[in-house]
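Here is the structure we will look at, set down as structure tokens.
So, in structure tokens, the structure goes:
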């Protein structure tokens with residue numbers, strides 16, 4: 055499993071030394087011929103081969119990795135699967151810069167559905183060697199998952215009736231280094247996402263959660279398809295397995311299924327989760343339970359058969375159902391973990407905390423309903439407990455919450471984070487193919503305007519509420535041909551607002567926000583405006599999606615001869631949000647007249663302090679001598695600005711108030727407020743220092759500097 059984070063119940067170090075690796079044992083079938091049954095002995099045979107010392111932990115590009123890929127390809131050939139590659143290439147291998155996937159196709163039998171396909175995946179790579187004398191066997195992670203994939207493929211290939219849809223069996227490489235094998239399949243010219251009907255991903259199987267006594271199998275992703283959830287749950291019950299549906303917010307981008315989730319397909323990620331030998335040398339084949347692996351593979355088989363045969367998909371489960379099943383799953387995992395033998399080595403403080411979480415979960419389950427606020431508060435507390443143990447006491451609660459926020463953003467907006475990595479790798483592949491030796495620059499920007507990020511609701515009396523929490527991801531990176539590595543950094547910025555007004559007021563506000571930073575977020579505001587104008591009769595989006603047509607058409611509709619007149623009129627709007635935003639946009643939309651009006655707002659002592667503060671920040675570039683002198687005049691102002699009053703979206707009525715990312719932001723603002731209120735003079739000084747590049751100290755020095763400013767931008 056990809057190591058983004060680890061949920062650890064035992065911090066003690068488990069040491070294991072292995073004998074110096076000898077020659078590889080050639081792969082031999084467990085028995086002659088093929089079997090229509092999924093057998094524990096055959097599964098263990100696969101695991102023993104893949105986890106043996108001679109394969110050295112199967113790190114990407116190693117000899118052991120090649121031997122593992124050869125074994126999987128030989129099995130695919132024996133089953134009569136077809137190569138995935140286009141052009142009739144007789145190979146199951148998909149070679150890329152990032153590894154070697156093994157891909158085999160079982161063609162579907164229905165003429166109307168055979169072009170569609172379901173992916174059954176398991177990664178075969180692991181962490182490789184651990185010094186000279188030891189290695190990471192990766193038996194449960196993920197030789198067991200590969201074994202289950204091979205046996206499911208054998209069962210379906212031997213069935214008297216082929217599946218209706220085709221099945222792509224994918225043994226991925228480079229999962230442990232960032233899901234790169236799955237990403238390269240998504241970039242393959244023969245991969246057509248519009249034909250993808252579902253994904254069943256297998257990772258960490260055959261080893262009980264926390265080495266407890268319970269046969270627990272986690273099923274991640276079922277919240278999006280209730281029918282698939284019922285199929286998997288019934289299959290778990292038939293196999294005497296405690297099947298626990300768990301939503302994506304608890305798991306994040308932990309395995310290969312995440313790459314395909316943005317395509318909107320039903321999927322299930324089957325895993326038994328953490329155990330004490332996770333990513334350690336003790337994850338050996340001897341510790342994999344063959345019968346438990348067999349029963350888990352049979353659950354996977356039911357999911358595959360459902361996805362290859364069903365027409366359409368069912369509705370998502372309700373939030374209340376998801377909250378309850380998640381809390382039930384967490385309570386079961388906590389109970390199992392606290393009973394596990396190795397828990398006696400864990401810190402006493404952690405044990406007390408986890409027992410408290412278990413009691414809280416049990417109390418929530420006893421209630422008639424579980425609300426979103428209580429659910430998220432419980433999740434935040436539990437992530438703090440786990441992360442501070444997994445990564446040491448130096449991890450702050452805010453860092454732990456940041457991880458939960460990342461998981462939550464992935465669950466809500468999978469296309470953003472997954473799309474970023476996919477596009478960066480696509481650019482790296484293109485850069486490598488160009489043959490240039492110098493490092494290539496990579497970049498990516500995307501956003502998500504969706505029902506999860508935008509709420510537009512009537513509040514009566516022809517008034518509406520527009521709430522936005524639109525995430526935008528920006529990434530920059532480099533591709534090094536020499537090391538064949540991608541180095542990238544990324545950031546996520548939320549465009550946020552909570553605005554009330556009549557229909558025209560809200561369009562005014564959106565256009566002002568867009569005009570305030572016309573080079574940023576070029577695609578976001580047309581989407582927001584499109585949703586609004588589709589909702590309201592009598593408005594249209596104009597001839598294009600660029601800012602200028604929108605501004606000219608809307609200014610005319612509002613009765614103004616030009617955009618400048620419209621923008622200046624909004625400085626006097628009785629709607630405080632619109633007036634505040636107009637102050638920021640006026641210099642860009644109305645030129646010198648706009649700057650003059652902003653300066654007038656700044657000088658007017660009867661104007662509310664928050665608007666005057668906004669006027670200071672509107673002069674973020676040197677808009678001439680008069681503007682700079684106005685800033686200097688404000689240095690002596692002791693008028694206090696209520697910072698909290700400028701963040702009304704922090705109110706509990708805001709639709710996105712309970713998201714984890716906003717919980718973190720509230721903590722930041724509350725800390726700022728504790729430092730004391732800000733004055734207009736302090737704000738003016740910060741702006742002047744930013745413009746001049748240094749603090750000139752006394753007002754006299756600042757005035758001399760301002761008098762030297764004559765032309766905008768000088």
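In our numbering, the protein residues as written are 55 to 768. From the three backbone atoms N, C-alpha and C, an ideal C-beta is built for every residue, glycine too.
- Per DSSP, reduced to three states, the secondary structure at residue 308 is coil, with no helix or strand assignment.
- Under the three-state reduction of DSSP output, residue 331 falls in the coil class, being neither helix nor strand.
- Comparing C-alpha distances from residue 581 to each of 631, 336 and 502 shows the shortest one belongs to 502.
- Assignment of beta-bridge partners to residue 252 by DSSP yields 172.
- The C-alpha of residue 570 lies about 19 Å from the C-alpha of residue 500.
- Contact between residue 324 and residue 350 is confirmed by a C-beta separation of about 7 Å, below the 8 Å threshold.
- Short of 8 Å from the beta carbon of residue 393, and not among the five residues preceding or following it, lie these beta carbons of its own chain, in chain order: 266 and 267.
- If the five residues before and after residue 608 are omitted, its C-beta is found closer than 7 Å to the C-beta atoms of 561 and 565, all from its own chain and listed in chain order.
- Boundaries of the alpha helix (DSSP H) around residue 130: 117-133.
- Residue pairing for residue 282: DSSP places it in no beta bridge.
- Between residue 307 and residue 464, the C-beta spacing is below 7 Å.
- Non-local beta-carbon contacts of residue 479 in its own chain, meaning distances under 6 Å to residues more than five positions away in sequence, involve 237 in chain order.
- For the set 167, 758 and 474, the Cα lying nearest the Cα of residue 541 is the one of 474.
- Contact annotation, residue 199 with residue 180: C-beta distance approximately 11 Å; criterion of less than 8 Å not satisfied.
- Excluding sequence positions up to five before and after residue 437, its CB lies within less than 7 Å of the CB of 454, 455, 457 and 458, all in the same chain and listed in chain order.
- Remark: C-beta atoms of residue 178 and residue 127 do not approach each other more closely than 7 Å.
- Spanning the alpha carbons of residue 301 and residue 282 requires a straight line of approximately 14 Å.
- Cβ-Cβ separation between residue 224 and residue 196: approximately 13 Å, too far for a contact (criterion under 8 Å).
- Between the beta-carbon of residue 279 and that of residue 367 there is about 5 Å, and that keeps the pair under the 8 Å contact cut.
- Collapsing the DSSP output to three states places residue 341 in a helix.
- In the structure shown, the three-state DSSP call for residue 511 is strand.
- Boundaries around residue 528 are those of the beta strand (DSSP E), 517-534, since no alpha helix (DSSP H) includes it.
- Nearest neighbour of residue 291 by Cα position, chosen from 254, 344, 313 and 356, turns out to be 356.
- In this structure the segment 149-169 lies against the segment 214-224, because at least three pairs of beta carbons, one per stretch, are closer than 8 Å.
- In the three-state reduction of the DSSP assignment, residue 544 falls in the strand class.
- For residue 554, the secondary structure class from DSSP, reduced to helix, strand or coil, is strand.
- Between residue 684 and residue 641, the C-beta gap is not smaller than 7 Å, which leaves the two residues out of contact.
- In this structure, DSSP gives residue 469 a helical state, which the three-state scheme calls helix.
- For residue 419, the number of other beta carbons within 10 angstroms of its own is below 16, and it is reported as exposed.
- Below 8 Å, too few C-beta pairs join the segment 239-246 and the segment 380-393 to call them touching: fewer than three.
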